[in-house]
Structures are given as structure tokens and as C-alpha cells.
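*Asks:* So the sequence shown is numbered by the working numbering: it starts at 1378 and just counts up by one.
Just dropping this structure here.
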Amino acid sequence: MANNKNHILNLFATLRFYLALGGCAVLYIISFFYQPLFGIVNIFFTITCILILADYLFLFVFFKPPIASRKIAERLSNGEPNQVQLSITNKMPFVLHLHVIDELPAQMQERNMDIRKTLLQKETTFIKYNISPTKRGSYNFGNILLYMQSQLGLVQRRQTIEAGETVSVYPSFANLGQYSLMAKTTTADQGSKRMRKIGQSMEFEQIKNYVSGDDIRTINWKATARNGNLMVNNYTDEKSQQVYCIIDKGRLMKMPFGGLSLLDYAINATLALSNICLQKQDKIGLMSFSDKMGSIIAADRKPIQRENIMQV
């Protein structure tokens, strides 16, 4: 009894179904005025009913539902395109027409998710699309709905694939590699290349031979006297400095701009800056405030510090 109820709930009529029955109705009206046509209309209506029944039996009795799954990253990057991949396998030796609906999280406000696909015999297809969340937090993905039709296309069957999962959206980490590369490069007119940066601080690194272009103020006269050649001091950037990112969480920071709030932009910038500071071996910390003090993370340069900042 429950199985029959599921069949009824998952059975849907197609446009071709209504056109076929509508054509029969029109022919019956015409045959009312022209009696010899009545017998032909009965035959046409009987064939239509047989085809509908055959299509129903194919989809609900002799049919093996396809296998579908969703592949998505455990973490999504806020404000950036994130790829979602659906894998669908046709287990039948017949061509299958699909209308796929992936139940996206409510935060996406997506009402027009419409993917149509035709699967050949025993074929596996991959459907890829991107989503761009604009808020941080937990996103709940629902089930995958498949509306299947045979070659007749008179009725269609709905198949619900249990694929509910929760994915966390973190501040934008997709471009961390790009900003890290920019921090290590010097940009010229012809592009970017990696160059060794000479420090301007007073932290001594080494003594080397003078070459054209070196600052003459860094000449080491004692080393020059010993070697007989001009020698200069090299200085490197100071490390282990304490850098704190201070984030304002006040009302004005909730103002939207380009799909994200000003607070989200500040958070994304904080994450990028934290990553660069850790690569430069500086200590990075975090403070936030609104009408009162918020989260505080003491400055540190351990590799886990970036993860701690991202969690906060």
C-alpha cells in the first residue's frame, strides 16, 4: 500500500501527456459531428492509453533508478566561486532524459535551479556548477531530485537521492596563494618575477663585496681595510614583530558593497594579511570590537595561528 502511494506521489505528467489527451478530446468533439470518425478516434485513444501505461510500467516497475551523488569541498570560500559537482550514472540499457534539481542552501536564495541532461545507455555524466556565498556560516545542502523520462516522454518519475550535508563557509581563502606570491615578488613593467628584497632595517645579515648600486652609506670600512676591497653591510627585514589586526564590528560595517558587507571585506583582508605575516615569520594576532571588546587572540607565529584566526 505504501509502495503504491509512493508511486502516485512520484508520478508526474509531461507536456506530451496533455497534448496527447487534448488531441483525443478534440477528435472526440469532431467525431460528434462526423460519426465515421468515431471508431478511428477510439483506436487512437486506446493506443494513447496503452503507451501511457507502458511508459508508467517502464519507469516504476522495470526501471533501475540512476545513482547520483554530490561532491563539494568541506569548506567554502566567502565571496568566491566554489565548484559543486554532481555525478549521475544511468544503470539502464536505454536512453534516459533527466531534469535535475539540486536543493541549494536557503542562504543562496536560488529558485531557478534547472539542469537538463540526456544520459546514454550505462553512461556516467558529471554536472559542474559554481556557487558564490555572500555570508559566513553553515550552509545546509538538501537532496538531489531527479525527474526521469523515457523516450516516450508521456509521464515522468521523481527520484529523491538522500544527499543532505552541512558545509561551512569561511572567510575568503581562495586567493591566499595569490597574495602570498605578490608579497614575495617585485612587480616590473614587463610582469612579475621573484627577487631578493634588501632589508632597510638595522638588523645585520652579512658582509659582502661592494657592487654598483649598493648604498655607499653601508660601507664597512674595517672590513674594507682588511680585504683591500670595498665591503658593505647587508641588512635584512626585522622578524618576529607583533602585528595585530583590529576589526570593527559596528553597525556601519554591515553596509553592503559588491554582494558582501564591509565587515566581510575586513575579515577577508585580515586573513590574507595574517597569512603573509606568518610567511614573513612575524607574530600575528587579532582583536575585534563593537560597543564592547570582542574576540582577542594573542600574537603568535605558530602554523596553527591562521586556523585559529579563521575559526574566530
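Note that beta-carbon positions come from the ideal geometry of N, C-alpha and C, so glycine has one too.
Here the structure is a predicted model, which is why all the values come from computation and not from measurement.
For the structure I just gave you, are there three or more beta carbon pairs, one from the region 1414–1427 and one from the region 1499–1509, closer than 8 Å?
*Replies:* Verdict: no, contact absent.
*Asks:* How many angstroms separate the CA atom of asparagine 1455 from the CA atom of tyrosine 1516?
*Replies:* For the purposes of this step, residue 1455 is identified with residue 78 of the sequence shown, where counting begins at 1. For the purposes of this step, residue 1516 is identified with residue 139 of the sequence shown, where counting begins at 1. Cα-Cα distance, rounded: 11 Å.
*Asks:* Give me whichever residues DSSP pairs with tyrosine 1621 in a beta bridge.
*Replies:* For this step, residue 1621 is matched to residue 244 along the sequence shown. Bridge partners of tyrosine 1621: Gly1662.
*Asks:* With a cut-off of 8 Å on the beta carbons, I'd call asparagine 1467 and proline 1443 a contact; round off their distance for me.
*Replies:* Within the sequence shown, the letter at position 90 stands for residue 1467. Within the sequence shown, the letter at position 66 stands for residue 1443. Indeed, because the Cβ distance is near 5 Å, the residues count as touching under 8 Å.
*Asks:* Using 8 Å for Cβ pairs, my map puts leucine 1496 next to leucine 1473. What's the rounded Cβ distance?
*Replies:* Working through the sequence shown from its first residue, we reach residue 1496 at position 119. Working through the sequence shown from its first residue, we reach residue 1473 at position 96. Leucine 1496 to leucine 1473, Cβ: 5 Å. Contact.
*Asks:* How big is the Cα-Cα spacing for methionine 1670 and isoleucine 1593?
*Replies:* Position 293 of the sequence shown holds residue 1670. Position 216 of the sequence shown holds residue 1593. Their Cα atoms are separated by approximately 49 Å.
*Asks:* In three-state terms, what does DSSP make of glutamine 1528?
*Replies:* Here residue 1528 refers to the residue found at position 151 when the sequence shown is read from its first residue. Three-state result, glutamine 1528: coil.
*Asks:* Using 10 angstroms around the beta-carbon of phenylalanine 1503, count the other beta-carbons present and answer buried if the total reaches 16, otherwise exposed.
*Replies:* Position 126 of the sequence shown, counted from the start, is the residue given in the question as residue 1503. Exposed.
*Asks:* Could you please give the first and the last residue of the uninterrupted alpha helix (DSSP H) stretch that includes serine 1549?
*Replies:* For the purposes of this step, residue 1549 is taken as the residue at position 172 of the sequence shown. No alpha helix (DSSP H) holds serine 1549; DSSP gives it neither H nor E.
*Asks:* Take the Cβ of valine 1532 as the centre, count every other Cβ of all protein chains shown within 10 Å, and call the residue buried at 16 or more, exposed below.
*Replies:* What you label residue 1532 is simply residue 155 of the sequence shown in a count that begins at 1. Valine 1532 should be labelled buried.
*Asks:* Please check the pair alanine 1445 and leucine 1529, which I expect to be a contact at CB under 8 Å, by giving their CB distance rounded to whole angstroms.
*Replies:* Mapped onto the sequence shown, residue 1445 falls at position 68. Mapped onto the sequence shown, residue 1529 falls at position 152. Their Cβ separation, rounded to whole angstroms, is 23 Å, which puts alanine 1445 and leucine 1529 out of contact at 8 Å.
*Asks:* Could you check which residue in Ile1686, Leu1436, Ile1465 has the C-alpha nearest to that of leucine 1648?
*Replies:* As a working mapping, residue 1648 is identified with position 271 in the sequence shown. Ranking Ile1686, Leu1436, Ile1465 by Cα distance to leucine 1648 puts Ile1686 first.
*Asks:* Beta-carbon within less than 6 Å of histidine 1476's beta-carbon, same chain only, minus the 5 sequence neighbours each way: which residues are those?
*Replies:* Along the sequence shown, read from residue 1 onward, the residue named residue 1476 stands at position 99. So the list reads Arg1493, Tyr1524, once near-sequence residues are dropped.
*Asks:* Using CA atoms only, rank isn't needed, just tell me which of Leu1655, Ser1665, Asn1586 is closest to isoleucine 1681.
*Replies:* Locating residue 1681 in the sequence shown gives position 304, where the first residue counts as 1. Here the closest residue by C-alpha is Leu1655.
*Asks:* To test your reading of the DSSP string, which unbroken beta strand (DSSP E) runs of 3 or more residues are found completely within the region 1447–1533?
*Replies:* The region 1447–1533 contains these whole beta strand (DSSP E) runs: 1452–1454, 1459–1466, 1473–1479, 1492–1496, 1501–1508, 1514–1518, 1521–1526.
*Asks:* Distance, Cα to Cα, valine 1689 vs glutamate 1542?
*Replies:* One-based indexing of the sequence shown puts residue 1689 at position 312. One-based indexing of the sequence shown puts residue 1542 at position 165. Roughly 23 Å between the two C-alpha positions.
*Asks:* Counting along the chain, where does the alpha helix (DSSP H) carrying isoleucine 1686 start and finish?
*Replies:* The sequence position of residue 1686 within the sequence shown is 309, counting from 1. Residues 1682–1688.
*Asks:* Is leucine 1607 helix, strand or coil by DSSP?
*Replies:* What you label residue 1607 is simply residue 230 of the sequence shown in a count that begins at 1. It is coil, neither helix nor strand.
*Asks:* By how many angstroms is the C-alpha of threonine 1391 removed from the C-alpha of leucine 1404?
*Replies:* As a working note, residue 1404 is residue 27 in the sequence shown. As a working note, residue 1391 is residue 14 in the sequence shown. One C-alpha to the other measures close to 20 Å.
*Asks:* Determine the direct distance from the alpha carbon of glutamine 1462 to that of glutamate 1480, and round the result to whole angstroms.
*Replies:* Counted from its first residue, the sequence shown places residue 1480 at position 103. Counted from its first residue, the sequence shown places residue 1462 at position 85. Taking the straight line from one Cα to the other gives about 13 Å.
*Asks:* Report the option in Asp1432, Phe1421, Tyr1587 whose CA atom is closest to the CA atom of valine 1611.
*Replies:* To locate residue 1611, count along the sequence shown from 1; it is residue 234. Note that residue 1611 corresponds to asparagine in the displayed sequence, not to valine. Comparing Cα positions, the closest option is Tyr1587.
*Asks:* So, are the CB atoms of glutamine 1658 and arginine 1683 less than 8 Å apart?
*Replies:* Along the sequence shown, read from residue 1 onward, the residue named residue 1658 stands at position 281. Along the sequence shown, read from residue 1 onward, the residue named residue 1683 stands at position 306. No, these two residues do not count as a Cβ contact at 8 Å.
*Asks:* Can you give me the C-alpha to C-alpha distance between threonine 1564 and glutamine 1486, rounded to a whole angstrom?
*Replies:* Position 187 of the sequence shown holds residue 1564. Position 109 of the sequence shown holds residue 1486. Reliability of the predicted coordinates at threonine 1564 is poor, the pLDDT of 46 falling under 50, and the value obtained from them is presented with this limitation in mind. The alpha-carbon atoms of threonine 1564 and glutamine 1486 are separated by roughly 41 Å.
*Asks:* Buried or exposed: isoleucine 1673, going by 16 or more other Cβ atoms within 10 Å of its Cβ?
*Replies:* Sequence index remark: in the sequence shown, residue 1673 carries index 296 (1-based). Isoleucine 1673 should be labelled exposed.
*Asks:* Quick check on the DSSP output: the alpha helix (DSSP H) that includes isoleucine 1420 runs from which residue to which?
*Replies:* For the purposes of this step, residue 1420 is taken as residue 43 along the sequence shown, with counting starting at 1. Residues 1414–1437.
*Asks:* Beta carbon of valine 1620, beta carbon of alanine 1676: below 8 Å?
*Replies:* Here residue 1620 refers to the residue found at position 243 of the sequence shown. Here residue 1676 refers to the residue found at position 299 of the sequence shown. Going by C-beta atoms, valine 1620 is nearer than 8 Å to alanine 1676.
*Asks:* Would you call isoleucine 1406 buried or exposed, if buried means 16 or more other Cβ atoms sit within 10 Å of its Cβ?
*Replies:* Translated into positions along the sequence shown, residue 1406 becomes position 29. Classification of isoleucine 1406: exposed, given that the 10 Å Cβ count is below 16.
*Asks:* Return helix, strand or coil for arginine 1319, following the three-state DSSP convention.
*Replies:* With the chain running from 1378 to 1689 in the structure shown, residue 1319 is simply not present.
*Asks:* From leucine 1629 to serine 1665, what distance separates their C-alpha atoms?
*Replies:* Here residue 1629 corresponds to residue number 252 of the sequence shown, with the count starting at 1. Here residue 1665 corresponds to residue number 288 of the sequence shown, with the count starting at 1. Roughly 14 Å separates the two Cα atoms.
*Asks:* Between the C-alpha atoms of proline 1548 and isoleucine 1521, what's the straight-line distance to the nearest angstrom?
*Replies:* If you number the sequence shown from 1, residue 1548 lands on position 171. If you number the sequence shown from 1, residue 1521 lands on position 144. Whole-angstrom Cα-Cα distance: 27 Å.
*Asks:* Taking the continuous alpha helix (DSSP H) assigned at leucine 1640, which residues delimit it?
*Replies:* On the sequence shown, residue 1640 is found 263 positions in, with the first residue counted as 1. Residues 1639–1656.
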